[in-house]
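K.L.:
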Amino acid sequence: MTTHYGPAVHTPAENDGGPPSEAPAPPGHHRPRRSRFGRPWRGRPKDPRWVRPAFLALLTATALLYLYNLDASGWANSFYSAAVQAGSQSWKAFFFGSLDAGNAITVDKPPAALWPMALAVRIFGLSSWSILVPEVLMGVGTVAVVYAAVRRRFSPAAGLIAGAVLALTPVAALMFRFNNPDALLALLMSLACYLVVRALEDGRSKWLVWAGVAIGFAFLAKTLQAFLILPALALVYGVCAPVRLRRRLGQLALATAAIVVSGGWWVAIVELWPASSRPYVGGSQNNSFLELTFGYNGLGRLNGEETGSVGGGGGPGGGGGGQWGETGWDRMFNSEIGGQISWLLPAALILLVAGLLATRRAARTDAVRASFLVWGGSLLTTAAVFSYMAGIFHQYYTVALAPYLAAVVGMGAATLWERRGRIWASLALAAAVTASAAWGYVLLGRTPDYLPWLRMPVLAGGLVAALGLVFAGRLGRRTALAAAGLGLVASLAAPTAYTLSTVREGHSGSIVTAGPSGASMRGGGPGGGGFPGGGNAPGRGQGQGQSQGGPGGGGFPGGGTAPGTGGNNQNGQAPNGQMPNGQAPNGQMPNGQSNQNGPAGEGGRMGGAGGGGMGGLLNGAEVGSEAKKLLAADADSYTWVAAAVGSQNAASYQLGTGEPVMAIGGFNGTDPSPTLAQFKEYVADGRIHYFIAGGGTGGGMGGDSGSASRITSWVEATFKEVTVGSATFYDLTAPTD
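Written as structure tokens, this is what we have:
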């Protein structure tokens, strides 16, 4: 017989969501019929009356929080918004994840994360809301999944704590309101953990197979990142499942097959489809999705060898300073990452150890301990990979940790609360609260101008609560609950403040961060700094400020300086006073745009009001009304109304005009697509109207591919230049001869 630890432990039969087993009614007695709509509001028959309303209130509050001021982000990441727009216009673009409806090139990820947004745009039309509301719904769904997983083996209060921790994590509030693939990834990975927990309860194969399906579709959202937790999940099931070893191995084989089928069907179609009749696979150098998966988006992220990217980070072994921040065991706590995710990470580690200690004498198949191992193993595995990956790493990646961290906090807090009469449990609970309050005090100190009054209440409240929790087993229940409530408030106050700051601002571009200005600043190590390649970038709103490059490198890859996030780019210069790929017109951004305080519908302002770090730097230019009018003229006669180097630049014009724009070189401008010969053929066939001058990789970073340079040189030497406002075009139907 399995021994269960933790509060309010239920058997699987009670928690399957189906009708509970009931004793037969006495003769002559008829049970009252339940209302069809009573069960969703009332919840499980044995639950206290407050449980289901509290759960629904949590979901409602999360939805309202994430929907608040949603349209302030405009197109958010215009790279993905353009692909969503293309998918709403062309089913072929929808399937492949093309950046444009002409199907020249895809985004550098699989398309699953684009599909919900593209369907919403097909139904409701193109707008910031139709793109971002599906992301909000994914956030609400993730909170619900985490609640359900924790509530199954613990108390309703544990589930509510876990859901609240997730909803109030700053990076979660950022990414569940943004159109990157991370929102869908977090939802599917949470669902996979939930399904594995269910499989561990009764050993039924179907739950493990469905977990494999969830991971397979997570692969179609963000490739190999979906596999980070596979070792932990497989090991826990292989050891703890309540069936014989041979059956466990067979079930793991079935789950593996489910991953291959659910994630591999799309890959097989793309690889078998004739390359001449499908879009080029963006981010690859050989037009291969497999190369993209195992190279730029796979092993390259770990070792920093990312062909076609703007560079990697610290070298293997930790402690290395690189273009994407320092690696090492403390990466999740440093000034770059800490304010995004680490508020309750010290507490989660304490609670994880305490939870495993509490279940140390349980049977092999104990489902409570298995829950700690599933969620805790996923947390530790993902955090370890993030801490040491030497390739491209952005702060918002850490949203993947948020569900695991929240579940561990909820489970651990409930487990220790039920054992508060034991001195070790009360001390561990007090230590978790103390760690949260003290670390919140430290993190708030990194942004001293933001709510300076909050630091001391957080620290003092946490210490007082911790003192009360030490004696929680000897105090009356009300007094102990008051101490626990104060501890919860003190632990969540600081991340909640950062979360509120996040939802008040819009975020745009390819690199966004949560929290107020300065909340995520890269440290300036040798050759490394705030911007890839070196330097410390000032916080948002400093206008004409510059980032000073470290030895051998400046603000932009390869050296130079860069403007402060949110400021005009007029004084931000790369080597020799030029922007990458050449001087932008009038010392401004590509196409002469300063991109400051642009309309929300065209991407918002440069910094995206996304806090410190690079903010919304990797974003396209604003598109003036005269430029829109020029490109719209006779647009139906062309496959692409224009072509531009770099996908962010192309995306801006595509979103501004509603017409397909070819992105030469893909996101970084480094993909060899199209070749000069192919581009000449497109021009000769009359398929492209204009070439947009300027641009570059990712809206102005790094160097373009040789193909992009050759195309640019040929166009400039062959066709007539057209100036509209401050933007320059080349009319590909009007040779200079």
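Quick note: the sequence shown uses this note's numbering, first residue 615, plus one each step.
Built from N, CA and C at the ideal position, the CB exists for glycine as well.
As the structure is a computational prediction, the values presented were derived from the model and not from experiment.
Between residue 849 and residue 1014, which are expected to be in contact by the criterion C-beta below 8 Å, what is the C-beta distance as a whole number of angstroms?
P.N.:
That belief does not hold up - the Cβ atoms of residue 849 and residue 1014 are roughly 19 Å apart, past 8 Å.
K.L.:
Taking the alpha carbon of residue 1321 as the point to measure from, which residue in 1350, 1306, 1279 has its own alpha carbon closest?
P.N.:
Answer by Cα proximity: 1279.
K.L.:
By Cβ distance, which residues of its chain are closer than 7 Å to residue 1111, with the 5 residues on each side in sequence left out?
P.N.:
Around residue 1111: 1065, 1068.
K.L.:
Whose CA, out of 806, 740, 1349, 791, lies closest to the CA of residue 763?
P.N.:
Checking every option, the nearest Cα to that of residue 763 belongs to 806.
K.L.:
As an exercise, report each continuous alpha helix (DSSP H) stretch of at least 4 residues that is fully enclosed by the stretch 841-866, in chain order.
P.N.:
Qualifying alpha helix (DSSP H) stretches, in chain order: 844-854.
K.L.:
Going along the chain, which residues of its own chain have a beta-carbon closer than 7 Å to the beta-carbon of residue 1241, five neighbours each way excluded?
P.N.:
1338, 1339, 1341, listed in sequence order.
K.L.:
In whole angstroms, what separates the C-alpha of residue 978 from that of residue 854?
P.N.:
The alpha-carbon atoms of residue 978 and residue 854 are separated by roughly 6 Å.
K.L.:
In terms of residue numbering, what span does the beta strand (DSSP E) encompassing residue 1346 cover?
P.N.:
Looking at the DSSP string, the run of the beta strand (DSSP E) that includes residue 1346 is 1341-1349.
K.L.:
Is it true that the CB of residue 1089 sits closer than 8 Å to the CB of residue 1082?
P.N.:
Yes, these two residues count as a Cβ contact at 8 Å.
K.L.:
Please classify residue 1331: does DSSP put it in a helix, a strand, or coil?
P.N.:
Residue state, collapsed to three classes: helix.
K.L.:
Does DSSP put residue 1251 in a helix, a strand or coil?
P.N.:
Residue 1251: helix per DSSP, three-state reduction.
K.L.:
Assuming residue 941 and residue 838 are in contact, meaning their beta carbons sit under 8 Å apart, how far apart are those beta carbons, in whole angstroms?
P.N.:
Residue 941 to residue 838, Cβ: 18 Å. No contact.
K.L.:
Can you give the Cα-Cα distance for residue 1394 and residue 701, rounded to whole angstroms?
P.N.:
Residue 1394 lies beyond the residue range present for the chain, which begins at 615 and ends at 1351; the question has no answer from this structure.
K.L.:
Is it buried or exposed for residue 1295, if we count other Cβ within 10 angstroms and need 16 for buried?
P.N.:
Result: exposed.
K.L.:
So, using beta-carbon positions, are residue 1257 and residue 1275 closer together than 8 Å?
P.N.:
Yes; because the gap between Cβ atoms is below 8 Å, this pair is in contact.
K.L.:
Given this structure, state the Cα-to-Cα distance separating residue 1197 from residue 1330, to the nearest angstrom.
P.N.:
Confidence in residue 1197 is poor, its pLDDT being 34 and thus under 50, which makes the residue's placement unreliable; the coordinate value appears in the next sentence. Roughly 15 Å separates the two Cα atoms.
K.L.:
Taking the alpha-carbon positions, what's the residue 1101 to residue 683 distance?
P.N.:
Residue 1101 and residue 683: Cα-Cα distance of roughly 30 Å.
K.L.:
Would you identify the three-state DSSP class for residue 720, choosing helix, strand or coil?
P.N.:
In the structure shown, residue 720 sits in a strand (DSSP, three-state: E or B).
K.L.:
For a minimum of 4 consecutive residues, which ranges assigned as the alpha helix (DSSP H) are wholly contained in the stretch 808-842?
P.N.:
Runs found: 819-836.
K.L.:
Decide yes or no for the touch test of the stretch 1039-1047 against the stretch 963-972: beta carbon pairs closer than 8 Å, at least 3 of them.
P.N.:
A contact exists between the stretch 1039-1047 and the stretch 963-972.
K.L.:
Drop a sphere of 10 angstroms on the beta-carbon of residue 1181, count the other beta-carbons inside from all chains shown, and report buried for 16 or more, exposed for fewer.
P.N.:
Unreliable placement is indicated for residue 1181, whose pLDDT of 34 sits below 50; no coordinate value is reported for it.
K.L.:
At what residues does the alpha helix (DSSP H) containing residue 1304 begin and finish?
P.N.:
Unbroken run through residue 1304 is the beta strand (DSSP E), 1302-1306; no alpha helix (DSSP H).
K.L.:
Check whether the stretch 724-731 and the stretch 706-713 touch, using three or more Cβ-Cβ pairs below 8 Å as the test.
P.N.:
Result yes; three or more Cβ-Cβ pairs closer than 8 Å.
K.L.:
Any contact between the stretch 818-829 and the stretch 854-871? By contact I mean 3 or more CB pairs, one from each, below 8 Å.
P.N.:
Touching, yes, given that three or more Cβ pairs across the two stretches are closer than 8 Å.
K.L.:
Can you tell me where the beta strand (DSSP E) holding residue 1278 begins and where it ends?
P.N.:
Start and end: 1275-1278.
K.L.:
With DSSP collapsed to three states, give me the class of residue 1124.
P.N.:
Coil, per DSSP.
K.L.:
Spell out a yes or no on whether the stretch 1011-1025 and the stretch 874-886 are touching, meaning 3 or more CB-CB pairs, one atom from each, closer than 8 Å.
P.N.:
They do not touch, by the three-pair rule.
K.L.:
Is there contact here, the stretch 772-787 with the stretch 949-959, by at least three beta-carbon pairs under 8 Å?
P.N.:
Segments in contact, yes.
K.L.:
Classify residue 1333: buried if its beta carbon has 16 or more other beta carbons within 10 angstroms, exposed otherwise.
P.N.:
Buried, since its Cβ has 16 or more Cβ neighbours within 10 Å.
K.L.:
Could you pull the DSSP bridge partners for residue 712 from this structure?
P.N.:
DSSP, once it has assigned bridges, lists 720 as partnering residue 712.
K.L.:
Among residues of its own chain, excluding the 5 on either side of residue 898, which ones have a beta-carbon nearer than 6 Å to its beta-carbon?
P.N.:
Excluding positions up to five away in sequence, the list reads 905, 906.
K.L.:
With distances taken from CA atoms, which of 698, 833, 768, 902 is nearest residue 980?
P.N.:
The residue with the shortest Cα to Cα distance from residue 980 is 768.
K.L.:
By Cβ distance below 7 Å, which residues in the same chain neighbour residue 743 in space, the five residues on each side in sequence not counted?
P.N.:
Around residue 743: 684, 685.
K.L.:
Just to check my reading of the structure: residue 810 and residue 847 have Cβ atoms closer than 8 Å, yes? What is that Cβ distance to the nearest angstrom?
P.N.:
Right, the Cβ-Cβ distance comes to about 5 Å (below 8 Å), so this counts as a contact.
K.L.:
So the candidates are 1287, 887, 1239; which of them puts its Cα closest to the Cα of residue 1355?
P.N.:
Beyond the ends of the chain as shown, which are 615 and 1351, falls residue 1355; an answer cannot be given.
K.L.:
Does any heavy atom of the ligand MN sit closer than 7 Å to the C-beta of residue 988?
P.N.:
Absence of the ligand MN from the depicted structure is noted, as is the absence of any ligand whatsoever, leaving it without description.
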